[in-house]
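Each remark here refers to the structure printed beneath this line.
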Amino acid sequence: MSKFYDKSNVFCKIINKQIPCKLIYEDHAHFCFYDINPKAKVHALLIPKAEVVDFDDFIEKSTKEQVCDFFTKAHFVAKDILKLKDYQLHTNNGAGAGQVVFHFHLHILAN
Ligand code: AMP
Numbered sequence: 004m005s006k007f008y009d010k011s012n013v014f015c016k017i018i019n020k021q022i023p024c025k026l027i028y029e030d031h032a033h034f035c036f037y038d039i040n041p042k043a044k045v046h047a048l049l050i051p052k053a054e055v056v057d058f059d060d061f062i063e064k065s066t067k068e069q070v071c072d073f074f075t076k077a078h079f080v081a082k083d084i085l086k087l088k089d090y091q092l093h094t095n096n097g098a099g100a101g102q103v104v105f106h107f108h109l110h111i112l113a114n
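Under this note's numbering, think of the first position of the sequence shown as 4, with each following residue one higher.
As structure tokens, then:
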């Protein structure tokens, strides 16, 4: 079942340029910026611009091409922009897993 997307979440405001961020990359469908409270030397967040609450919701509401584009973009950001060799990709799906911002995001972490 598709989830309710609350437009007052902080990442929605970042996409809409209502609040600032340290931008890494933006295109028509994706937005990438530095985490405000980094848990590693490099801590980026990649988000789709679509209104999707979490990973489950992203998979449910997206086409296979959109899912593929998102993960290809994660690779592009990690390798071509951030120049990372070894890194982690992480997402918290749901409050019980530690998700606090309810706009799907992928953490890209490297030390
Ligand atoms: P999660 O626990 O997976 O929902 O992660 C949310 C992440 O968003 C945390 O790592 C926060 O530090 C980060 N965060 C919250 N507000 C901002 C903001 N305004 N700019 C950048 N990162 C943020």
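For glycine and all other residues, C-beta sits at the position ideal for the given N, C-alpha and C.
As the structure is a prediction and not an experimental result, all values here were calculated from the model.
Quick check on the burial criterion: 16 or more other C-beta atoms within 10 angstroms. Buried or exposed for residue i?
| i | result |
| --- | --- |
| residue 30 | exposed |
| residue 49 | buried |
| residue 17 | buried |
What are the boundary residues of the beta strand (DSSP E) that includes residue i?
| i | result |
| --- | --- |
| residue 98 | Premise fails: residue 98 is in no beta strand (DSSP E) and is neither H nor E. |
| residue 46 | 45 to 51 |
At what residues does the alpha helix (DSSP H) containing residue i begin and finish?
| i | result |
| --- | --- |
| residue 110 | Segment 109 to 113 is the beta strand (DSSP E) holding residue 110; no alpha helix (DSSP H) there. |
| residue 78 | 67 to 79 |
Could you tell me whether the stretch 71 to 82 touches the stretch 15 to 25, using the rule of 3 or more Cβ pairs below 8 Å? no
Q) Where in the stretch 8 to 33 do unbroken runs of the alpha helix (DSSP H), each at least 4 residues long, occur, reported from the N-terminal end onward? A) 13 to 18
- Query: Should the stretch 36 to 53 be regarded as contacting the stretch 94 to 113, the criterion being three or more beta carbon pairs within less than 8 Å?
  - Reply: yes
Check whether the stretch 7 to 19 touches the stretch 93 to 110, taking contact to mean three or more Cβ pairs, one atom from each stretch, closer than 8 Å. yes
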